[in-house]
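**Student:** Take a look at this one; I'll ask things after.
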Amino acid sequence: MMTVAAARALRDGAVCFVGIGLPSTAANLARRTHAPDLVLVYESGTIGAKPDRLPLSIGDGVLADTAVSVVGVPEIFNYWLQPGRIDVGFLGAAQLDRFGNINTTVIGGDYRHPGVRLPGAGGAPEIAASCREVVVVVRQTKRSFVERVDFVTSFGFGSGPGEREALGLTGAGPQLVITDLGVLRPDPDSRELVLTALHPGVDPATARERTGWDLRVADDLGRGEPPTDDELTVLRALTAR
Amino acid sequence: MATIAPLAEAVAHVVHDGDTVAFEGFTHLIPFAAGHEVIRQGRRDLTLVRMTPDVLYDQLIGAGCARKLVFSWGGNPGVGSLHRFRDAVRNGWPRPLELEEHSHAGMANRYVAAASGLPFAVLRGYTGTDLPAQTANIAPVTCPFTGEVLTAVAALRLDAAVVHAQRADRHGNVQLWGITGVQKEAVLAATRSLVTVEEVVDELEPRPGAVVLPSWVVDYVAEAPGGAHPSYAHDYSVRDNDFYVAWDEISRDRDRFAQWLESVA
């Protein structure tokens, strides 16, 4: 459901910076269903890739073979991401806080002697800063949804309104957080993440239980549509190969 | 003019104890054969540099070659964690590993600055994150024209760069294509360089989009067919995804890793 919801968040014709795993599956699902003109950009330097199977890494040869253009890594970040030429960036998170800040660096302890050492920043800090908008895809648990992240690897809204603007960040930041339970969006005034929709069969109490802060629930809480037969068929075909 | 030499000889000339060295490759064309030769030659105290230290760096770290890692994303792509990397960070095994962490954009720009002969590069990045506080190589800089505050990253100069490519000619001109990552920048950022290639040919056929490193910017070329395995060389081999999955098991346990290490030596 998380994958289907993420795919639906991509509008046709958008330019999408894609990471491997769920974002790549979602983007390829969207391209095969409602968004045939979605432009897939991978940080390995492939622009406009149209893979006929799911790539197994961000640098899979199928991406280079099917891309409109293949460029070096400095160019992807400097020419394409930095000036705001990418509409949507997908990010994952080990920890996400109520203002959409993301930690993929260390959990617990101090930086030099961490409880858990995570993979690190990758492309995320600049994706979070420069994509027109960011979609975060993350499983919702008390451990991942925390009041305040242990380390800010990628900036969301800091601790509230006005901070992105003050820092000169050009993108709008995390506009959508898709979890295994539902969807959160930032409150337009406070920038705090608010639960705005639930996937089928999930109740608000579960979402609250699995959030490490006092989760606000929108008055007009929406309910996600279950995956269609078409979405499921395409998704199964994609992941079976 | 590049010297074409056997792998062991080329590695001995290019990679020395205590060097700051990058074995670059962005999923594609990762110089595994050269890295394994470094393990065999028992190099120590290396500062290993790479945007995406994956399985090759897990192997070098586990073998005790590294003192420090300069990187932007350390994981086994699509599989999970690097267990030798984690063991070194958490437990100092087989020796402590100092970390310097950047973003991909930061690393790419650091290479570009060094390749360009400049002391630093400028980017619109890192802002608002906790990363700049952890290293002296990231600092705010004010634009002299607009007054805007941006981020400067220090040039990443290398003692040695090692990359893998598809082909070289007998003069040592190197051609690589497909996903080319930051290999060109790494070679141009280094004092000494080694390119391992799938094959040495009499003449390079022009290829649209290929990167060519002319002989005079490369020090050594060594023929190493399959030298990117388990990564791949576009038009020569495919990625051995099963090995990346298998590595998770091999690297999880120190004894199991020690057995693997013997197979390399």
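So the protein sequences, as listed, match chains A and B. For the first sequence, numbering that gives the first Met the number 0 begins at 0 and goes up steadily by one. For the second sequence, numbering that gives the first Met the number 0 begins at 0 and goes up steadily by one. Even for Gly, the Cβ is constructed at its ideal location relative to N, Cα and C.
Identify every run of the beta strand (DSSP E) within the segment 101-176 of chain A, keeping only runs that are complete inside it and at least 3 residues long; order them along the chain.
**Tutor:** Entirely contained in the segment 101-176 of chain A, the beta strand (DSSP E) runs reaching 3 residues are, in chain order, 105-108, 113-116, 132-136.
**Student:** Any C-beta of chain B sitting closer than 8 Å to the C-beta of Y110(A)?
**Tutor:** Y110(A) counts as touching chain B.
**Student:** Given a threshold of 16 other Cβ atoms within 10 Å of its Cβ, counted over all protein chains shown, does M1(A) qualify as buried or as exposed?
**Tutor:** Buried: at least 16 other Cβ atoms inside 10 Å.
**Student:** Among residues of its own chain, excluding the 5 on either side of Y231(B), which ones have a beta-carbon nearer than 7 Å to its beta-carbon?
**Tutor:** The residues are H27, V237, R238.
**Student:** Do L117(A) and V176(A) have their C-beta atoms within less than 8 Å of each other?
**Tutor:** Taking 8 Å as the Cβ cut-off, L117(A) and V176(A) do not qualify as a contacting pair.
**Student:** Would you say the beta carbon of A4(A) comes nearer than 7 Å to a heavy atom of the ligand FAD?
**Tutor:** For the structure depicted, the ligand FAD is absent and the ligand set is empty, with no information on it obtainable.
**Student:** Rounded to a whole number of angstroms, what is the C-alpha to C-alpha distance between G208(B) and W92(B)?
**Tutor:** Each residue's alpha carbon lies about 43 Å from the other.
**Student:** Might you give, ordered along the chain, the residues of its own chain that have their beta carbon closer than 8 Å to the beta carbon of T238(A), omitting 5 neighbours on each side?
**Tutor:** Hits under 8 Å: T24, L53.
**Student:** Give the residues of chain A in contact with S265(B), contact being defined as C-beta atoms less than 8 Å apart.
**Tutor:** With chain B covering 0 to 264 only, the question about residue 265(B) has no answer from this structure.
**Student:** Measuring alpha carbon to alpha carbon, tell me which of A204(A), F156(A), P199(A) ends up nearest E191(A).
**Tutor:** If we check each option's Cα against that of E191(A), F156(A) comes out closest.
**Student:** Could you give the DSSP three-state label for I29(B): helix, strand or coil?
**Tutor:** DSSP places I29(B) in coil when its eight states are reduced to three.
**Student:** If you follow the alpha helix (DSSP H) that T65(A) is part of, which residue opens it and which one closes it?
**Tutor:** 60-65 is the extent of the alpha helix (DSSP H) around T65(A).
**Student:** Considering only their Cβ atoms, is the gap separating E100(B) from A120(A) smaller than 8 Å?
**Tutor:** Yes. Within cutoff.
**Student:** Who are R261(B)'s beta bridge partners in DSSP?
**Tutor:** Correcting the residue identity first, residue 261(B) is Glu in this sequence and not Arg. DSSP output for E261(B) lists no bridge partner at all.
**Student:** Three-state secondary structure (DSSP) at I249(B)?
**Tutor:** Helix at I249(B).
**Student:** Do the segment 156-168 of chain B and the segment 188-202 of chain B touch if we need at least three Cβ pairs shorter than 8 Å?
**Tutor:** Flag = yes, the segment 156-168 of chain B and the segment 188-202 of chain B touch.
**Student:** Taking L187(B) as part of the alpha helix (DSSP H), name the residues at either end of that continuous run.
**Tutor:** Counting along the chain, the alpha helix (DSSP H) containing L187(B) begins and ends at 182-187.
**Student:** With DSSP collapsed to three states, give me the class of H163(B).
**Tutor:** Note: H163(B) maps to strand in three-state DSSP.
**Student:** Using only alpha-carbon positions, find the residue among R138(A), L39(A), V216(A), R30(A) that is nearest to L63(A).
**Tutor:** The sequence given here has Ala at residue 63(A), not Leu. The candidate whose alpha carbon is nearest that of A63(A) is L39(A).
**Student:** I believe V13(B) touches L193(B) by the beta-carbon criterion, under 8 Å. Please report the beta-carbon distance rounded to the nearest angstrom.
**Tutor:** Right, the Cβ-Cβ distance comes to about 4 Å (below 8 Å), so this counts as a contact.
**Student:** Give the secondary structure of A65(B) by DSSP, where H, G and I count as helix, E and B as strand, and everything else as coil.
**Tutor:** Reduced to three states, the DSSP call for A65(B) is strand.
**Student:** Output yes if chain B places a C-beta closer than 8 Å to the C-beta of V244(A); else output no.
**Tutor:** With chain A represented from 0 up to 240, any question about residue 244(A) goes unanswered, as that position is not in the structure.
**Student:** Assuming T32(A) contacts V182(A) (C-beta within less than 8 Å), just tell me the rounded distance between them.
**Tutor:** The pair is not a contact, with the Cβ atoms about 18 Å apart (cut-off 8 Å).
**Student:** In chain order, which continuous runs of the alpha helix (DSSP H) of length 4 or greater are located wholly inside the segment 204-228 of chain B?
**Tutor:** None, since the segment 204-228 of chain B contains no complete alpha helix (DSSP H) of that length.
**Student:** Check this for me: beta carbons of H228(B) and P30(B), under 8 Å apart or not?
**Tutor:** No.
**Student:** Return the Cβ separation of T190(B) and L149(B) in integer angstroms, given the expectation that the two are a contact with Cβ distance under 8 Å.
**Tutor:** In fact, because the Cβ distance is near 29 Å, the residues do not count as touching under 8 Å.
**Student:** What does the Cβ neighbour count give for V111(B), buried or exposed, with the cut at 16 atoms within 10 Å?
**Tutor:** Answer is buried; the Cβ neighbour count reaches 16.
**Student:** Could you tell me whether any Cβ in chain A is nearer than 8 Å to the Cβ of P76(B)?
**Tutor:** Chain A, which has a Cβ nearer than 8 Å to the Cβ of P76(B), makes this yes.
**Student:** Residues in the segment 164-196 of chain B with C-beta within 9 Å of chain A's C-beta atoms, listed in sequence order?
**Tutor:** Result list: W176, G177, I178, T179, G180, V181, Q182, K183, E184.
**Student:** According to DSSP, simplified to helix, strand and coil, what is R84(A)?
**Tutor:** Three-state result, R84(A): coil.
**Student:** What residues of chain B sit near P73(A), judged by a beta carbon separation below 8 Å?
**Tutor:** In chain order: A107, N108, Y110, V111, V181, E184.
**Student:** Would you identify the three-state DSSP class for Q58(B), choosing helix, strand or coil?
**Tutor:** Note: Q58(B) maps to helix in three-state DSSP.
**Student:** Are the Cβ atoms of G99(A) and I106(A) separated by less than 8 Å?
**Tutor:** Cβ atoms of G99(A) and I106(A): not closer than 8 Å.
**Student:** Please report how far the alpha carbon of A65(B) lies from the alpha carbon of G34(B), in whole angstroms.
**Tutor:** Using only the alpha carbons, I get a separation of about 12 Å.
**Student:** For a cutoff of 8 Å on Cβ pairs, would you count I46(A) as touching chain B?
**Tutor:** Answer no: the Cβ-Cβ gap between I46(A) and chain B never drops below 8 Å.
**Student:** Just by C-beta distance, which residues in the segment 77-102 of chain A are closer than 8 Å to chain B?
**Tutor:** Flagged, chain order: N77, L80, Q81.
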